[in-house]
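Student: Residue numbering for the first sequence is 34 to 333, as defined by the numbering used here.
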Amino acid sequence: MPELPEVETIRAQLQPLLQGSLIVSAWSFGTPKFEQAEHAAGYRVIDLRRRGKYLLVGLADATVSPSTVASTDEVTRDLDRELVIHLGMTGKLSIDSRPGGSSPSKISAAFASRTRPPHRRAEWLLDDGRVLEFTDIRRFGRIAIVEPGGYFELPTLHALGPEPFSDEFTPELLRNAIRSSNQGAKALLMSQRVVAGLGNIYVDEALWLAGVHPKATNITRQRAVELRDAIREVLESGIRNGGTTLRDYRDASGATGSNQHQLNCYGQAGLPCVRCGTQMKKSVIGGRSTTHCPLCQRRR
DNA sequence: CGATTTCCCTGGCCGC
DNA sequence: TGCGGCCAGGGAAATC
Numbered sequence: 034m035p036e037l038p039e040v041e042t043i044r045a046q047l048q049p050l051l052q053g054s055l056i057v058s059a060w061s062f063g064t065p066k067f068e069q070a071e072h073a074a075g076y077r078v079i080d081l082r083r084r085g086k087y088l089l090v091g092l093a094d095a096t097v098s099p100s101t102v103a104s105t106d107e108v109t110r111d112l113d114r115e116l117v118i119h120l121g122m123t124g125k126l127s128i129d130s131r132p133g134g135s136s137p138s139k140i141s142a143a144f145a146s147r148t149r150p151p152h153r154r155a156e157w158l159l160d161d162g163r164v165l166e167f168t169d170i171r172r173f174g175r176i177a178i179v180e181p182g183g184y185f186e187l188p189t190l191h192a193l194g195p196e197p198f199s200d201e202f203t204p205e206l207l208r209n210a211i212r213s214s215n216q217g218a219k220a221l222l223m224s225q226r227v228v229a230g231l232g233n234i235y236v237d238e239a240l241w242l243a244g245v246h247p248k249a250t251n252i253t254r255q256r257a258v259e260l261r262d263a264i265r266e267v268l269e270s271g272i273r274n275g276g277t278t279l280r281d282y283r284d285a286s287g288a289t290g291s292n293q294h295q296l297n298c299y300g301q302a303g304l305p306c307v308r309c310g311t312q313m314k315k316s317v318i319g320g321r322s323t324t325h326c327p328l329c330q331r332r333r
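#1: Give every residue of the same chain whose Cβ lies closer than 8 Å to the Cβ of residue 267, excluding the five residues on either side of it in the sequence, and list them in chain order.
#2: Does DSSP put residue 131 in a helix, a strand or coil?
#3: Beta strand (DSSP E) containing residue 56: first to last residue?
#4: Report the rounded CA-to-CA distance for residue 94 versus residue 260, giving the unit in angstroms.
#5: Considering only their Cβ atoms, is the gap separating residue 36 from residue 182 smaller than 9 Å?
#6: Threshold first: 4 residues or longer. Then list the alpha helix (DSSP H) segments lying entirely within the segment 247 to 295, N to C.
#7: Helix, strand or coil: how does DSSP classify residue 324 here?
#8: Does the pairing of the segment 64 to 76 with the segment 44 to 54 give three or more beta-carbon distances under 8 Å?
#9: Leaving out five residues before and five after residue 107 in sequence, what residues of the same chain have Cβ atoms less than 7 Å from its Cβ?
#10: Note down the Cα distance separating residue 105 from residue 196, rounded to an integer number of angstroms.
#11: Given residue 293, which residues of its chain have a CB within under 7 Å of its CB, disregarding the five upstream and five downstream residues?
#12: Quick check on residue 254: buried or exposed, where buried means 16 or more other Cβ atoms within 10 Å of its Cβ?
#13: Near residue 194, which residues of its chain fall below 7 Å by C-beta distance, leaving aside the five closest residues on each side in sequence?
#14: Measure how close the beta-carbons of residue 298 and residue 328 come, nearest whole angstrom, since I'm counting them as under 8 Å.
#15: Considering only the alpha carbon of each residue, which of 155, 128, 55 and 191 lies closest to residue 70?
#16: Taking the alpha-carbon positions, what's the residue 52 to residue 333 distance?
#17: Which value, in whole angstroms, describes the spacing of the CA atoms of residue 325 and residue 313?
#18: Cutting at 7 Å between CB atoms, please list the residues of its own chain near residue 192, excluding the five before and the five after it.
#19: Keeping to the same chain, check which residues put their C-beta closer than 6 Å to that of residue 308; ignore five residues upstream and five downstream.
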């Protein structure tokens, strides 16, 4: 279940490997959620950015000189398209570096006749013969080609809240959102509208760390500061540890993360709270399994 | 309009 | 060993 730290880990790995590469050909599984991958053919990769759990691959027309690419910073400019990739539950990105042939035509022919594993959903052939591969067992992922910044086709990305590490993400924003909704803290944080990038694991961890009940609809100013800080802390931990691998998650090199060893709340139902010893309780919120400590996370 | 529920998918796991 | 049933869950659509 790739959340912000997992996507950021993958982004950081792929950025130096993909920046400047020309996508000469593309293949997709052919279903609506993946078929737009094919529209990336003929574009050059300018940069890799991330918004929440979305990976944004900046593309420019193939006529753009690769030498101009190296000088681009993270500011979005001179992009002709964006390739949007969401990993869903089981999405993985990898690069096959095997030589695809000795000439461009042989490379293309090899790509066209390539055998693909059962869960491959998209592939992009690069001009040096490498192949960027997208594999997604459960097909909860999503690939789209959009005009730069034109996210209306992807409602969650379109209405995405601020990045958790940005100055825009303030305790006041958090507090106002929680107080002005009946949804409860967890459901709100899961919606991506208040802050971007949290999923089931890191939400449970952040609420536990800050001592906020998952269904809280009110929160003091002080606790809003603590929750803001807790969100940043659990995400930083996730990034530092290369992501959380419970079952499926692998980074772009196929390696597991190690943040699963740092979890204090997610998956701990029935076990004693590591902070106070009270038995952790399981519930269901918005169809997602939820764990919290009834003592540390009281409703107020 | 906001909140809640359902659905999409597949593999792993459990009990019989 | 085989098999039915259940669980996991992000986001979009349907429904309340």
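All residues carry an ideal CB built from backbone N, CA and C; glycine is no exception.
Tutor: Reading off the structure:
#1: The residue given as residue 267 occupies position 234 in the first sequence. 235, 238, 239 and 242, listed in sequence order.
#2: As a working note, residue 131 is residue 98 in the first sequence. Three-state result, residue 131: coil.
#3: For this step, residue 56 is matched to residue 23 along the first sequence. From DSSP, the beta strand (DSSP E) with residue 56 extends over 56 to 61.
#4: The residue given as residue 94 occupies position 61 in the first sequence. The residue given as residue 260 occupies position 227 in the first sequence. The alpha-carbon atoms of residue 94 and residue 260 are separated by roughly 43 Å.
#5: For this step, residue 182 is matched to residue 149 along the first sequence. For this step, residue 36 is matched to residue 3 along the first sequence. Result no, Cβ atoms of residue 182 and residue 36 do not sit closer than 9 Å.
#6: Runs found: 254 to 273.
#7: Indexing the first sequence from 1 puts residue 324 at position 291. Here residue 324 sits in strand by DSSP.
#8: no
#9: Sequence index remark: in the first sequence, residue 107 carries index 74 (1-based). For residue 107, the predicted model reports a pLDDT of 46, less than 50, meaning its position is unreliable and no value from the coordinates is stated.
#10: Here the question's residue 105 lines up with position 72 in the first sequence. Here the question's residue 196 lines up with position 163 in the first sequence. At residue 105, the pLDDT of 48 sits below 50, so the modelled position is not reliable; the number obtained from the coordinates is stated separately. Straight-line Cα distance between these residues: approximately 21 Å.
#11: The residue you call residue 293 lines up with position 260 of the first sequence. 277, 278 and 279.
#12: By 1-based counting over the first sequence, the position of residue 254 is 221. Under this definition residue 254 is an exposed residue.
#13: Along the first sequence, one-based indexing puts residue 194 at 161. These residues qualify, in order along the chain: 225, 226, 227, 228 and 229.
#14: If you number the first sequence from 1, residue 298 lands on position 265. If you number the first sequence from 1, residue 328 lands on position 295. Actually they are not in contact, since the Cβ atoms of residue 298 and residue 328 sit about 13 Å apart, beyond 8 Å.
#15: Reading the first sequence from its first residue, position 37 is the one you call residue 70. When 155, 128, 55 and 191 are compared, the shortest CA-CA separation from residue 70 is found for 155.
#16: Residue mapping note: residue 52 aligns to position 19 of the first sequence, counting from 1. Residue mapping note: residue 333 aligns to position 300 of the first sequence, counting from 1. Taking the straight line joining both Cα atoms gives about 50 Å.
#17: Residue 325 sits at position 292 when you count from the first residue of the first sequence. Residue 313 sits at position 280 when you count from the first residue of the first sequence. Their backbone Cα atoms lie some 6 Å apart in a straight line.
#18: As a working note, residue 192 is residue 159 in the first sequence. Closer than 7 Å at the Cβ level, and outside the excluded window around residue 192, lie 226.
#19: Position 275 of the first sequence, counted from the start, is the residue given in the question as residue 308. Within the same chain, residue 308 has close Cβ partners 329.
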